[in-house]
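*Asks:*
Protein chains: 2
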Amino acid sequence: MEAARLGAAGAAGLHKAFCPKAARELVGNVDAFLFDCDGGSSDLVWSGVIWKGEKLIEGVTKALQALRSMGKKVGFVTNNSTKSRKQYVEKFRGLGISVHEDEIYPSSFGAAMYLKVNNFPQDKKVYAIGGDGILEEMSFAGYTCLGVTKDANKKMELKRGFKFEHDKSVGAVVVGLDPYINYYKIQYATMCIRENPGCLFIATDRDAVGPLTDVQEWPGTGSMVGAICGSTQKEPIIVGKPATFMMEFLLKRFNMSTSRMCMVGDSFPDVLFGQNSGCKTILVLSGV
Amino acid sequence: MEAARLGAAGAAGLHKAFCPKAARELVGNVDAFLFDCDGGSSDLVWSGVIWKGEKLIEGVTKALQALRSMGKKVGFVTNNSTKSRKQYVEKFRGLGISVHEDEIYPSSFGAAMYLKVNNFPQDKKVYAIGGDGILEEMSFAGYTCLGVTKDANKKMELKRGFKFEHDKSVGAVVVGLDPYINYYKIQYATMCIRENPGCLFIATDRDAVGPLTDVQEWPGTGSMVGAICGSTQKEPIIVGKPATFMMEFLLKRFNMSTSRMCMVGDSFPDVLFGQNSGCKTILVLSGV
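Each protein sequence line maps, in turn, to chains A and B. Note that our numbering has the first sequence beginning at -15, numbered continuously upward. Note that our numbering has the second sequence beginning at -15, numbered continuously upward.
1) Hey, out of B/Leu40, B/Arg8, B/Gly55, B/Val44, whose CA is closest to alanine 16 of chain B's CA?
2) Just list the residues that DSSP pairs lysine 264 of chain A with in beta bridges.
3) I need the boundaries of the beta strand (DSSP E) containing threonine 62 of chain B, first residue and last residue.
4) From the DSSP output, in three-state form, read off lysine 75 of chain B for me.
5) In three-state DSSP terms, what is alanine 125 of chain B?
6) Nearest chain A C-beta to lysine 169 of chain B closer than 7 Å, yes or no?
7) So, at 6 Å on beta carbons, what are the nonlocal neighbours of methionine 122 of chain A in its own chain, with the 5 sequence-adjacent residues on each side left out?
8) Which of the three DSSP states, helix, strand or coil, is assigned to isoleucine 81 of chain A?
9) As a quick exercise: from B/Met208, B/Asp151, B/Val132, pick the residue whose alpha carbon is nearest that of proline 181 of chain B.
10) Could you name each continuous beta strand (DSSP E) segment of 3 residues or more that falls completely within the stretch 161 to 225 of chain B, going from the start of the chain to the end?
11) Just verifying my parser: in three-state terms, what is the DSSP assignment at leucine 130 of chain B?
12) Since serine 303 of chain A meets chain B, which of its residues come closer than 7 Å, beta carbon to beta carbon?
13) Quick one: is threonine 174 of chain A near chain B, going by C-beta distance under 7 Å?
14) Exposed or buried, which one is arginine 69 of chain A when buried takes at least 16 other CB atoms within 10 Å?
15) Using DSSP with H/G/I as helix, E/B as strand and the rest coil, what is phenylalanine 148 of chain B?
16) Going straight from the alpha carbon of histidine 84 of chain B to that of serine 92 of chain B, what length do you get?
17) Determine the burial state of proline 220 of chain B: buried for a count of at least 16 other Cβ atoms within 10 Å of its Cβ, exposed for fewer.
18) Which residue marks the beginning of the alpha helix (DSSP H) containing phenylalanine 19 of chain A, and which one marks its end?
19) Which residues in the same chain have their Cβ closer than 6 Å to the Cβ of proline 253 of chain B, if we skip the five residues on either side of it in sequence?
20) Would you kindly work out how many angstroms separate the C-alpha atoms of alanine 136 of chain B and arginine 178 of chain B, rounded to a whole number?
21) For proline 163 of chain B versus tyrosine 167 of chain A, is the C-beta spacing smaller than 7 Å?
22) Could you tell me which of B/Gly210, B/Val209, B/Asp191, B/Met208 sits nearest to glutamate 201 of chain B, measuring between CA atoms?
23) Quick check: the Cα distance between leucine 161 of chain A and threonine 242 of chain A, rounded to an integer number of angstroms?
24) Does proline 253 of chain A come out as helix, strand or coil in the three-state DSSP assignment?
25) Leaving out the 5 sequence neighbours to the left and right, which residues in its chain are closer than 7 Å to glycine 204 of chain A when beta-carbon positions are compared?
26) Quick check on glycine 258 of chain B: does DSSP put it in helix, strand or coil?
27) From the beta carbon of alanine 211 of chain A, is the nearest beta carbon of chain B less than 7 Å away?
28) Apart from the five residues just before and just after phenylalanine 146 of chain B, which ones in its own chain have a Cβ nearer than 8 Å to its Cβ?
29) Of all the CB atoms in chain B, is at least one closer than 7 Å to the CB of aspartate 147 of chain A?
30) Note down the Cα distance separating lysine 108 of chain B from serine 65 of chain A, rounded to an integer number of angstroms.
31) From what residue to what residue does the beta strand (DSSP E) around glycine 155 of chain B run?
32) Residues of chain B with CB under 8 Å from asparagine 166 of chain A, in chain order?
33) Kindly indicate which three-state DSSP category isoleucine 41 of chain A falls into: helix, strand or coil?
34) Under 7 Å, do alanine 90 of chain B and threonine 133 of chain B count as touching if we go by C-beta distance?
35) Buried or exposed: where does glutamine 49 of chain B fall if 16 or more other Cβ atoms within 10 Å of its Cβ makes it buried?
36) Starting from the C-beta of asparagine 260 of chain A, find all residues in its chain whose C-beta is less than 6 Å away, skip the five residues before and the five after it, and write them out in chain order.
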């Protein structure tokens, strides 16, 4: 475990890190670099290591080119579950960076992979609180996903005799960042977890802050997860940072040991994510 | 501490408890009986010790008359924050029971009394997630209360540059059961707690279940509180059962020691509430 702190902001700082001798040594000892690229939904705000606001952080393109030319693998790991990998590729393209879908690891994808890795049956459904990124990743993985934006405007008339029905074939509830959280969704998720035998409760992450606009902080996935914990009195399986699921998944995919990986992030959860898994970490000082 | 378990349902069982010799002894040693009367919002469902559905539990009127004729004090303590004491008096009247406002202790009133007891300044405002019971009790106590049903349909356009404004004079956030919970309310409460120096975070209770209709269980205040804990990473002050604030308040009001009080409830939180305070407890088996 080795945490390097770069004084300059974002990937500009990261790029500088490749110049000094110490940084060259680090690069020499690492085969894969994982980058945080935390950003918000709705194409609004992106802050952190790769972009900030709508702008690419200076030096990012050069740094990525340099790493690739040295034969290093790169991966982008984010707790933002509102987008799918496909949507991220578009986002990168819009900023002039060419990345492959297989290099992007948002927690929406993480949730789908958690189900895959654990042989979640294809005939079971997923109920999701969150954005369409989760819906897309679940569909790519072959799962039927209920909820998400389809339930954004659902209301109920809470009168005597009213019975709330839920799908008994839901075998997993996935909770991600959802600015359209409502009581209908909370009740749906709660009933699946309470009443469907063996139903999984998965959180994409538990971040307190969700970067939805560029002006201020917004309640993060931690709010949606807290609401479901409060009614079910259960704790979720977390697939995003700083939990280690994504790192374990990446190690298998990259066929690599942790000592040859380095996580570059702008927040303590990023550093924890790296350190929890025993890989090298770099903290850039542009973020949370 | 002494927990009596009554086999028969609700207050019918309670009434029976006053017949055997052991029960007479209990009554002889107790000067005040506190009853749970858990019920739902919107005049929908009431279950537990005093009523169940829309019906008074058999024997309740007789039992209350018997206690009053023996000079015992009675109090009704509920975690249901959706109604005020005034609204409860009406509810009791509709069921043919005459009670005084001063005998009713819903957690909406508890939250207002918590502020009073702690000298919360009158020029500070309260932001509440919950029903109009909280609004009414705050108004009776002389406080300005924002939020509640007024924010039920609030929406935001989360576009670039949008800035969410909140009242800097809010000095306390109160969270109760709210079937109209939304992201606007979560953001409002979160910003007050995060940005207003010294802002209190008060929960009426943290119950997992809210008895909103008579057919099934619904997410309780625990959901709304969990959402705010998730975004603020703070823990609330809890005024409802099983926390001891209401008991301490009642002991002062009744000018009585705990050993002369007995809590009659239909749930373990009720029993805990009694036992946490060191008073006698009776669990009736009609409830949660």
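Every residue gets a Cβ at the ideal spot worked out from N, C-alpha and C, and that includes glycine.
*Replies:* On the basis of the coordinates in this document:
1) B/Gly55
2) A/Cys246
3) That run of the beta strand (DSSP E) goes 57 to 62.
4) helix
5) coil
6) no
7) Ala96, Val110, Cys129
8) coil
9) B/Asp151
10) Runs of the beta strand (DSSP E) inside the stretch 161 to 225 of chain B: 184 to 187.
11) strand
12) Because residue 303 of chain A is not part of the residues shown, which for chain A are -15 to 272, the question remains open.
13) Using beta-carbon distances, threonine 174 of chain A counts as an interface residue toward chain B, with a partner under 7 Å.
14) buried
15) The answer is coil: DSSP assigns phenylalanine 148 of chain B none of H, G, I, E or B.
16) 17 Å
17) buried
18) Taken as a continuous stretch (DSSP letters only), phenylalanine 19 of chain A belongs to no alpha helix (DSSP H), being part of the beta strand (DSSP E) at 16 to 19.
19) Lys225, Pro226
20) 22 Å
21) yes
22) B/Asp191
23) 29 Å
24) helix
25) Leu161, Asp191, Ala192, Val193, Gly194
26) helix
27) yes
28) Met140
29) The sequence as given places lysine at residue 147 of chain A; aspartate does not occur at that position. Yes, its Cβ sits closer than 7 Å to a Cβ of chain B.
30) 38 Å
31) 154 to 159
32) Ile165, Asn166
33) coil
34) In the sequence as presented, alanine is not what sits at residue 90 of chain B; that position holds proline. Remark: C-beta atoms of proline 90 of chain B and threonine 133 of chain B do not approach each other more closely than 7 Å.
35) exposed
36) Pro226, Thr228
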